[in-house]
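K.L.:
Take a look at this one; I'll ask things after.
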Amino acid sequence: MKVRVDPERCEGHSRCHALAPELFALDDIGNATAIGDGRVPPGLEEKARLAVANCPEYAVEILEDAG
Amino acid sequence: MTDSKPGAPAVPDPEADAGAPTCPVTGQGGDPAIERPPVTDWRTDWDHLDPRWRDDPFPIWDELRTGPIARTERFEGAWLPTRYEDVKAIAYDTEHFTSRRIVLRHKKYEDPPLPAPPITSDPPEHKAHKRVLLPFFSPQEVGKLEPMARRICNELIDDFIADGRCDAAQHYARHIPVRIIAYMLGVPVRDSDRFIRWIHEILEVGIVDDEIGKNATKAMRDYFRHHIALRKEGRTEADPDGPEPDLIRVMMDGSLNGVPFEENHVLGTLNLLMIAGIDTTWSAIGASIMHLGRHPEDRTRLVAEPALMPTAVEELLRAYSPVTMAREVKKDVELGGCPMKKGEMVLLSFPAANRDPEMFPDANRVVLDRQENRHGAFGLGIHRCVGSNLARMEMQVAIEEWLKRIPDYRVVGDVTWSDGTVRGPRTLPVAFG
Ligand code: HEM
Ligand code: SF4
């Protein structure tokens, strides 16, 4: 499983970072990017789903079978 | 869900200290010369200044959501979407809707209105107008203010805890955001009561009484002009331990493509930071304390499970969203079959969107651990609140410190609500111990 943030949609609500700091980093203006290549370490799948479900801009995606 | 007795007078607690936010000239009701017949049909004649909306807007929105976007001929013609999808569509559509006017008035008195970047800015300028502020409001930067916020909360509690009762809106919630934004801006905290009075005159009285609103805006601009002039002489009245640079300095030194911001821009943004940061967060803290006072099951759960706090704060923001905005139609457009004409206004109710059952199952119930919560309390799209990380931190700290010292309390009298487009309790009598 991988996560991805669409930079066109992200408006910096920082919900993803608050819910899953292991998976999302914020830049200096508060917009999010997936940490590393976005791969979700085992055990963090639920947090990845929460990040998706709480982004008001629908900017977080899960790529289910990306390794 | 009823939050106060209908018709409860929205006057500040008479026991509140001097500086209480009453308008010295007209009192709470605004200009008595403006007629405000009671609303009989919310679909065709809505009015967000009607006392029924102020005291309990939720049933009104629930009714409106089942029909087309509501219309009124008041405010020179305006629309009211209440479904999440419609609110979102308008917030995203900067081609047909402009932010240059964000408040509904009986008459659109200024052309062009005074700018308050970035909230009144449209693309493409909006991005640069906002960018200059964002680094000072990131979660990391805001985290540095957390110890100060905890100290403020505890000092406030020290003052009333022995009494066994207090007005949680006037003696607690009200004082937290104003002290923090004064520190960030670089102005003395002792001026807090003036800021609160100006904001009351702009946000509550000013919507029905132009003169008072304009005078308060002018007083605030003069205030910042003074603090800019001091800095030009190498002086400041900022807290000596305050941030470097403070927000006044950031705006003074701000530029776009090498051209320094004009004075109108600098003053507009500084006014905005003060106005946007105070009543909003005061309202959110007050509504949260009210909810927890009336719902012991939620309160005991939060005391027992402190890790739930961030999720609970989001849910309280959703259910009691304090901020309603507006847009002006820039180009004729049809939305949900409604012909919106250039120059008409749209009330953009994030609070109504956040109670839409299509988007939030069991929308009128507070579910502290709601797992899916894409609420728009801080707006949707490009105007996402600059202060959202700060407001969240202040809310979380204010609720945590309160519950640590006052885990058991109840609301013991009438809750009264603010007028206008920032909604929150202005009197909130509670008893404990
Ligand atoms: C619970 C507290 C708060 C709520 C609910 C809130 C809500 C909002 C909303 C809904 C908007 C969007 C406006 C629009 O779409 O036209 C907004 C914008 C804004 N807010 Fe807040 N706000 C809060 C606290 C703060 C604080 C503490 C500050 C800063 C000191 C702040 C500064 C701003 C600014 C500068 C904007 C304009 C952003 C832009 O236009 O890009 N707000 N706020
Ligand atoms: S929650 Fe969504 S909008 Fe907010 S920072 Fe994350 S990706 Fe961006």
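Sequence order for the protein chains is X and U.
All letters in the first sequence, in the order written, are residues 1 to 67 by my numbering.
All letters in the second sequence, in the order written, are residues 1001 to 1433 by my numbering.
Cβ coordinates follow ideal geometry from the N, Cα and C atoms, glycine included.
Are the CB atoms of R1355(U) and H13(X) within a distance shorter than 8 Å?
P.N.:
no
K.L.:
Measuring only between beta-carbons, confirm whether A53(X) sits less than 8 Å from chain U.
P.N.:
yes
K.L.:
Within 8 Å of any Cβ in chain U, is that where the Cβ of D28(X) sits?
P.N.:
Chain U contact via Cβ: present.
K.L.:
Might you give, ordered along the chain, the residues of its own chain that have their beta carbon closer than 6 Å to the beta carbon of D6(X), omitting 5 neighbours on each side?
P.N.:
Cβ neighbours of D6(X) within its own chain (closer than 6 Å, five residues either side excluded): A59.
K.L.:
For V1103(U), name the three-state secondary structure that DSSP assigns.
P.N.:
Collapsing the DSSP output to three states places V1103(U) in coil.
K.L.:
Pick out whichever of P42(X), A53(X) and P21(X) has its Cα sitting closest to the Cα of A108(X).
P.N.:
A question about residue 108(X) goes unanswered here, because the residues of chain X that appear run from 1 up to 67.
K.L.:
Considering only heavy atoms of the ligand HEM, does any lie closer than 7 Å to the CB of C1153(U)?
P.N.:
no
K.L.:
Less than 8 Å between CB atoms is the rule here; does E1372(U) satisfy it with respect to chain X?
P.N.:
Judged by the 8 Å Cβ criterion, E1372(U) is in contact with chain X.
K.L.:
Is the Cβ-Cβ distance between F1432(U) and Y1409(U) less than 8 Å?
P.N.:
yes
K.L.:
So, are the CB atoms of P1407(U) and V1303(U) less than 8 Å apart?
P.N.:
yes
K.L.:
Where does the unbroken beta strand (DSSP E) through A1431(U) begin, and where does it stop?
P.N.:
P1429 to F1432 is the span of the beta strand (DSSP E), which, as asked, contains A1431(U).
K.L.:
On a Cα-Cα basis, can you pick out the residue from T1098(U), A1089(U) and D1222(U) that is closest to K1330(U)?
P.N.:
K1330(U) has its Cα closest to that of T1098(U), out of T1098(U), A1089(U) and D1222(U).
K.L.:
Counting pairs of Cβ atoms below 8 Å between the stretch 47-61 of chain X and the stretch 1145-1165 of chain U, do you hit three or more?
P.N.:
no
K.L.:
In angstroms, rounded to a whole number, what distance separates the CA positions of R1071(U) and R1043(U)?
P.N.:
6 Å
K.L.:
What's the gap between the Cα of I1248(U) and the Cα of H1129(U)?
P.N.:
15 Å
K.L.:
What does the alpha-carbon distance come out to for the pair E1146(U) and E1155(U)?
P.N.:
Spanning the two alpha carbons is a distance of roughly 14 Å.
K.L.:
Of the residues I1228(U), S1283(U), G1277(U) and H1175(U), which one's Cα is nearest the Cα of S1321(U)?
P.N.:
S1283(U)
K.L.:
Considering only the beta carbon of each residue, do R1327(U) and L1348(U) sit closer than 8 Å?
P.N.:
yes
K.L.:
Does the ligand SF4 have a heavy atom nearer than 7 Å to the CB of E1263(U)?
P.N.:
Here the distance from the Cβ of E1263(U) to the nearest heavy atom of the ligand SF4 is not below 7 Å.
K.L.:
Which residues of the stretch 1355-1386 of chain U have a Cβ closer than 8 Å to any Cβ of chain X? Give them in chain order.
P.N.:
Q1371, E1372, N1373, R1374, H1375, G1376, F1378, L1380, G1381, I1382 and R1384
K.L.:
Any C-beta of chain U sitting closer than 8 Å to the C-beta of L50(X)?
P.N.:
Using a CB distance cut-off of 8 Å, L50(X) counts as an interface residue toward chain U.
K.L.:
I want to see whether chain X comes within less than 8 Å of P1135(U), judged by CB atoms only; does it?
P.N.:
Judged by the 8 Å Cβ criterion, P1135(U) is in contact with chain X.
K.L.:
Closer than 8 Å, CB to CB, is S967(U) near chain X or not?
P.N.:
Any answer about residue 967(U) is impossible in this case: the structure gives chain U only from 1001 up to 1433.
K.L.:
Output, in sequence order along the chain, the residues in the stretch 2-23 of chain X whose CB is closer than 9 Å to any CB in chain U.
P.N.:
E11, G12, H13, S14, R15, H17, A18 and L19
K.L.:
Could you check whether the Cβ of V1366(U) sits closer than 7 Å to any heavy atom belonging to the ligand HEM?
P.N.:
No, the beta carbon of V1366(U) sits no closer than 7 Å to any heavy atom of the ligand HEM.
K.L.:
Using a Cβ-Cβ distance under 8 Å, would L1270(U) count as near chain X?
P.N.:
Chain X has no Cβ within less than 8 Å of the Cβ of L1270(U).
K.L.:
Determine, using beta-carbon pairs with one atom in the stretch 1255-1266 of chain U and one in the stretch 1290-1299 of chain U, whether at least three such pairs fall under 8 Å.
P.N.:
no
K.L.:
For the ligand SAH, any of its heavy atoms closer than 7 Å to the Cβ of A20(X)?
P.N.:
Looking for the ligand SAH in the displayed structure turns up nothing; the ligands present are the ligand HEM and the ligand SF4.
K.L.:
What is the C-beta distance between P1117(U) and G1268(U), in whole angstroms, given that I count them as a contact (C-beta under 8 Å)?
P.N.:
6 Å
K.L.:
How far does the alpha helix (DSSP H) with R1165(U) in it extend, from its first residue to its last?
P.N.:
Per DSSP, R1165(U) belongs to no alpha helix (DSSP H); it is in the beta strand (DSSP E), R1165 to D1167.
K.L.:
Label P1021(U) either buried or exposed according to how many other C-beta atoms from any shown protein chain fall within 10 Å of its C-beta, with 16 as the threshold for buried.
P.N.:
Note on P1021(U): pLDDT 37, under 50, position unreliable in the model; the coordinate value appears next. Result: buried.
K.L.:
Does any CB atom of chain U fall closer than 8 Å to the CB of P56(X)?
P.N.:
Yes, because at least one Cβ of chain U sits closer than 8 Å to the Cβ of P56(X).
K.L.:
Give a single yes or no on whether H17(X) has its beta carbon closer than 7 Å to a heavy atom of the ligand SF4.
P.N.:
yes
K.L.:
Give the straight-line distance between the Cα atoms of D28(X) and D37(X), rounded to the nearest whole angstrom.
P.N.:
20 Å
K.L.:
Taking CB distances under 8 Å as the criterion, tell me whether R1131(U) reaches chain X.
P.N.:
Taking 8 Å as the CB threshold, R1131(U) lines the interface with chain X.
K.L.:
Take P1112(U) and list the residues in its own chain whose beta-carbon comes closer than 7 Å to its own, dropping the five residues that flank it on each side.
P.N.:
R1100
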